[in-house]
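Protein chains: 2
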Amino acid sequence: MSTTSHHLVVIGGGFAGLWATRALDTADFRITLIDRHNHHLFQPLLYQVATAGLSAPDIAAPLRNILRQQRNVEVQLGEVIHIDAARRQVVLADDRIVGYDSLLLATGAAHAYFGNDQWAPYAPGLKTLDDALLLRRKLLMAFEHAEIETDPAARAAWLNFAIVGGGPTGVELAGTLAEIARHTLKNEFRNIDPREAKVRLIEAGPRVLPSFPPDLTAKAERQLEKLGVEVHTGTPVTHIDADGYRLGDTFVPSHTVVWAAGVAASPLARTLGVPLDRAGRVLVAPDLSVPDHPEIFVGGDLASVQQDGKPVPGVAPAAKQMGKHIARALRARAAGQPAPTFRYQDYGNLATIGRMAAIVHVGKLKLSGLLAWWFWLAAHVYFLIGFRNRFVVLVNWAMAYWSYQRAARIIFGRPQRGIPPKE
Amino acid sequence: MSTTSHHLVVIGGGFAGLWATRALDTADFRITLIDRHNHHLFQPLLYQVATAGLSAPDIAAPLRNILRQQRNVEVQLGEVIHIDAARRQVVLADDRIVGYDSLLLATGAAHAYFGNDQWAPYAPGLKTLDDALLLRRKLLMAFEHAEIETDPAARAAWLNFAIVGGGPTGVELAGTLAEIARHTLKNEFRNIDPREAKVRLIEAGPRVLPSFPPDLTAKAERQLEKLGVEVHTGTPVTHIDADGYRLGDTFVPSHTVVWAAGVAASPLARTLGVPLDRAGRVLVAPDLSVPDHPEIFVGGDLASVQQDGKPVPGVAPAAKQMGKHIARALRARAAGQPAPTFRYQDYGNLATIGRMAAIVHVGKLKLSGLLAWWFWLAAHVYFLIGFRNRFVVLVNWAMAYWSYQRAARIIFGRPQRGIPPKE
Chain F
1 MSTTSHHLVV IGGGFAGLWA TRALDTADFR ITLIDRHNHH LFQPLLYQVA
51 TAGLSAPDIA APLRNILRQQ RNVEVQLGEV IHIDAARRQV VLADDRIVGY
101 DSLLLATGAA HAYFGNDQWA PYAPGLKTLD DALLLRRKLL MAFEHAEIET
151 DPAARAAWLN FAIVGGGPTG VELAGTLAEI ARHTLKNEFR NIDPREAKVR
201 LIEAGPRVLP SFPPDLTAKA ERQLEKLGVE VHTGTPVTHI DADGYRLGDT
251 FVPSHTVVWA AGVAASPLAR TLGVPLDRAG RVLVAPDLSV PDHPEIFVGG
301 DLASVQQDGK PVPGVAPAAK QMGKHIARAL RARAAGQPAP TFRYQDYGNL
351 ATIGRMAAIV HVGKLKLSGL LAWWFWLAAH VYFLIGFRNR FVVLVNWAMA
401 YWSYQRAARI IFGRPQRGIP PKE
Chain R
1 MSTTSHHLVV IGGGFAGLWA TRALDTADFR ITLIDRHNHH LFQPLLYQVA
51 TAGLSAPDIA APLRNILRQQ RNVEVQLGEV IHIDAARRQV VLADDRIVGY
101 DSLLLATGAA HAYFGNDQWA PYAPGLKTLD DALLLRRKLL MAFEHAEIET
151 DPAARAAWLN FAIVGGGPTG VELAGTLAEI ARHTLKNEFR NIDPREAKVR
201 LIEAGPRVLP SFPPDLTAKA ERQLEKLGVE VHTGTPVTHI DADGYRLGDT
251 FVPSHTVVWA AGVAASPLAR TLGVPLDRAG RVLVAPDLSV PDHPEIFVGG
301 DLASVQQDGK PVPGVAPAAK QMGKHIARAL RARAAGQPAP TFRYQDYGNL
351 ATIGRMAAIV HVGKLKLSGL LAWWFWLAAH VYFLIGFRNR FVVLVNWAMA
401 YWSYQRAARI IFGRPQRGIP PKE
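From first to last, the protein sequence lines stand for chains F and R.
Under the numbering used here, read the first sequence as residues 1 to 423, first letter to last.
Under the numbering used here, read the second sequence as residues 1 to 423, first letter to last.
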């Protein structure tokens with residue numbers, strides 16, 4: 001590997017970072033990919049890990065393994081805490097310093113509580129595998145607590161579940177949790193009937209899945225209700241603590257609230273010292289570079305891009321397209337040419353709801369129900385290609401949908417000394 | 001469920017507890033099964049989770065799910081901390097108290113450091129899924145540390161692995177780890193060659209796998225060496241800390257020592273107030289009940305049973321046989337008959353070493369190498385029957401053995417803020 005070749009540092013091995021890296025496989029670049037985790041995560045199926053349908057390794061692949069044949073890439077495990085744009089170097093949490101010629105910042109988003117960070121311990125969100133395993137534990141433990149609780153009111157609080165936020169993640173979690181309570185856990189408890197669990201999906205706005213047309217949203221809400229979910233729209237959650245949450249003016253006793261209401265950009269963007277949007281994302285130039293820093297690109301959920309008067313959505317296809325675009329832009333720059341303008345190609349919008357229920361909006365095509373679900377499944381299995389676990393995931397899915405069983409109902413993650421009173 | 005029927009409390013959902021419970025499916029007993037975990041674990045494959053070949057849910061099944069059709073059983077998640085034999089009740093960590101008419105104590109064993117508990121943080125053992133995930137993290141992180149370490153001596157310390165204890169678990173871990181270093185990680189690192197990793201298997205006694213005949217043990221040692229393991233016998237480890245370990249008089253710099261040297265019985269046995277053997281196991285009567293407490297039985301690794309002058313080994317088949325025997329004994333007692341005497345039926349001894357390498361000793365049959373490995377595989381897949389993951393495990397195995405890839409090389413389990421200097 002020539003030491004004189006251009007050194008690109010990529011921060012983040014998600015869809016944007018990984019797709020850019022792979023698109024540069026034949027480029028005369030030296031690439032260092034830095035990630036906090038050792039794996040790329042197929043985030044669209046993360047809710048399945050949280051709801052015990054898949055195990056963590058089913059939807060993750062080691063970055064080193066994906067990139068082992070690409071000899072111009074070095075993968076480093078580590079957390080970047082600061083970008084020194086003037087000196088062109090990044091600083092890691094363990095004091096390592098890595099210099100760069102070009103930088104791709106693609107660290108994505110985390111969940112955000114919009115000024116209510118005190119809710120975080122009582123309403124965990126879902127962004128990483130660790131989040132998913134914590135959530136799995138919390139959801140399964142609620143039924144265990146209810147089973148041994150003898151006071152009826154206290155038992156009811158353990159069987160009250162709330163998902164805050166009616167976007168795709170909230171809808172997926174609510175639909176799947178209702179299925180678990182109604183079907184998966186049937187006959188397994190002796191003191192409670194899991195079907196008595198209340199699963200509430202709470203959206204402050206007027207409807208769930210607002211990125212879809214209203215008629216499809218209405219169908220999604222009906223499908224959710226058919227699965228056993230209570231959909232509450234137009235009412236914000238105004239308080240969350242260890243004992244429950246307030247919905248409008250009503251306090252609901254509950255120990256299991258899940259936060260799916262909002263995301264904020266990775267805090268690393270702030271260390272760049274460039275203008276950000278309200279959510280903390282970087283306001284990039286049309287070629288996805290940072291104004292005044294043409295050597296720095298931003299891709300994925302961290303980039304704030306407007307197109308035709310609308311924001312480019314924070315979805316996996318957009319992140320992959322940005323990654324590939326940035327690779328093209330870097331090649332153009334290296335050849336002394338101007339970088340092209342990024343254009344997001346919208347191939348459609350899919351959301352799954354639960355057992356055989358989904359909505360699909362592709363061009364003029366609108367589908368809902370079983371047919372939409374098959375469409376969703378086919379698309380997700382197709383995009384899992386390249387993961388060796390694709391086959392295992394399909395097997396798990398087939399077995400789950402025939403038997404209502406879920407493969408990964410295993411609680412672990414912390415030493416247990418009895419059951420703690422609340423968690 | 002009649003409230004007047006005999007109440008059996010089973011502590012521990014391992015092989016002994018679960019097999020006893022299932023064998024009482026038609027008995028007029030009310031059974032409460034209490035376990036610290038929500039799952040039964042197929043412990044013979046736990047080393048595969050630690051070495052990233054299988055994911056945790058592949059070898060575990062929820063106890064509630066296994067027992068959902070058996071209406072005379074209630075499963076409770078909880079940790080028993082005390083047995084009050086005089087009052088016939090068990091006390092849980094969260095102050096729950098459960099009374100019993102009969103008790104089956106089957107809480108197994110944990111790893112033990114024989115007076116050197118200060119070694120525990122530096123040399124974790126392998127008994128639970130949490131142990132396996134911690135070990136997986138430790139083994140994979142060692143290579144990550146080596147990759148970013150620039151000092152050659154410090155790097156070598158990260159690539160020095162030691163497995164202390166030459167029993168079946170130590171042999172499995174050493175063989176599989178050597179395979180990972182030599183094959184799985186090939187081409188994935190840029191600054192180190194994982195094949196330079198040294199994997200040492202250290203046994204204080206004269207040979208590994210001492211429960212096998214010496215000629216088979218010698219073959220096992222040759223197979224280990226062929227896989228790249230350095231076998232050290234006859235030399236004890238005399239010290240372990242964060243920087244390394246002492247082997248005889250030599251200090252070896254290492255940050256990755258695994259403890260597979262010994263087990264001690266679950267401390268719960270001590271609360272019974274009855275005679276124990278040196279390892280803390282209960283010296284049971286010939287029918288597996290506790291002397292002076294005919295209403296208490298002990299099964300599995302917690303029971304100290306002599307047969308024909310030799311101890312019954314702490315293996316899964318013995319635990320299952322004890323569980324089934326105790327069910328028979330309880331039925332006999334309920335019918336006013338004397339409980340039968342337990343007799344262990346030894347069907348043979350298998351140990352796997354690594355890729356296509358194992359030894360088998362069944363009656364007069366002695367096998368080693370590939371044939372023994374197939375024998376081992378067939379036996380383990382057969383005994384996984386009843387687990388829905390059997391098929392998934394076979395697929396993972398087939399793919400692992402063809403491609404040298406391992407399905408579960410995913411590091412998680414704690415928040416990462418950079419890479420801590422040593423863990």
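Yeah, the Cβ is synthetic: ideal placement off N, Cα and C, and Gly gets one too.
Just the C-alpha distance for residue i and residue j, rounded to the nearest angstrom, thanks.
i: F/His-325; j: F/Gln-307; result: 15 Å
i: F/Leu-185; j: R/Val-75; result: 13 Å
i: F/Ala-358; j: R/Gln-43; result: 39 Å
i: F/Tyr-122; j: F/Arg-409; result: 22 Å
i: R/Met-356; j: R/Gly-228; result: 14 Å
i: F/Leu-140; j: R/Arg-71; result: 21 Å
i: F/Val-171; j: F/Leu-46; result: 13 Å
i: R/Gln-337; j: R/Arg-68; result: 30 Å
i: R/Leu-135; j: R/Glu-144; result: 14 Å
i: R/Val-98; j: R/Val-90; result: 5 Å
i: R/Lys-320; j: F/Gly-53; result: 29 Å
i: F/Pro-253; j: F/Glu-196; result: 15 Å
i: F/Gln-405; j: R/Ile-11; result: 26 Å
i: F/Thr-256; j: F/Val-315; result: 27 Å
i: F/Gly-354; j: F/Ala-218; result: 16 Å
i: R/Asp-151; j: F/Leu-63; result: 25 Å
Please report whether the beta-carbon of residue i lies at a distance below 8 Å from any beta-carbon of chain R.
i: F/Ile-192; result: no
i: F/Ala-408; result: yes
i: F/Ile-11; result: no
i: F/Gln-70; result: no
i: F/Arg-136; result: no
i: F/Leu-377; result: no
i: F/Ile-34; result: no
i: F/Arg-64; result: yes
i: F/Gln-76; result: yes
i: F/Ile-31; result: no
i: F/Glu-295; result: no
i: F/Gly-14; result: no
i: F/Ile-240; result: no
Under 8 Å by Cβ, that's how I've got residue i and residue j pegged, so tell me the actual separation to the nearest angstrom.
i: R/Thr-169; j: R/Ala-260; result: 4 Å
i: R/His-40; j: R/Ala-61; result: 6 Å
i: F/Asp-28; j: F/Ser-5; result: 5 Å
i: F/Leu-302; j: F/Gly-108; result: 6 Å
Indicate the three-state DSSP secondary structure (helix, strand or coil) for residue i in the structure shown.
i: F/Phe-383; result: helix
i: R/Glu-172; result: helix
i: F/Gln-430; result: Given that chain F is displayed from residue 1 to residue 423, the structure contains no residue 430 of chain F and the question cannot be resolved.
i: R/Gln-345; result: coil
i: R/Leu-274; result: The question names Leu, but residue 274 of chain R is Val in the sequence shown. Coil at R/Val-274, not helix or strand.
i: F/Gln-416; result: At F/Gln-416, the pLDDT of 38 sits below 50, so the modelled position is not reliable and the matter cannot be decided from this model.
i: R/Val-393; result: helix
i: F/Lys-186; result: coil
i: F/Ile-410; result: coil
i: R/Asn-160; result: strand
i: F/Thr-238; result: strand
i: F/Lys-427; result: For residue 427 of chain F there is no data in the structure shown, the boundaries of chain F being 1 and 423.
Under 8 Å between C-beta atoms, does residue i make it to chain F?
i: R/Leu-424; result: Since the first and last residues shown for chain R are 1 and 423, residue 424 of chain R lies out of range.
i: R/Pro-57; result: yes
i: R/His-361; result: no
i: R/Asn-160; result: no
i: R/Leu-18; result: no
i: R/Ile-411; result: yes
Selection of the region 81-107 of chain R by Cβ proximity to chain F, strictly under 9 Å: Ile-81, Leu-92, Ala-93, Asp-94, Asp-95 and Arg-96
Name the residues in the region 251-268 of chain F whose C-beta lies less than 7 Å from a C-beta of chain R; which are they? none
Please list the residues of the region 163-188 of chain F that have a C-beta atom closer than 7 Å to any C-beta atom in chain R, keeping them in chain order. Asn-187 and Glu-188
If the cut-off is 7 Å on Cβ atoms, which residues from the region 323-355 of chain R count as contacting chain F, listed in chain order? none
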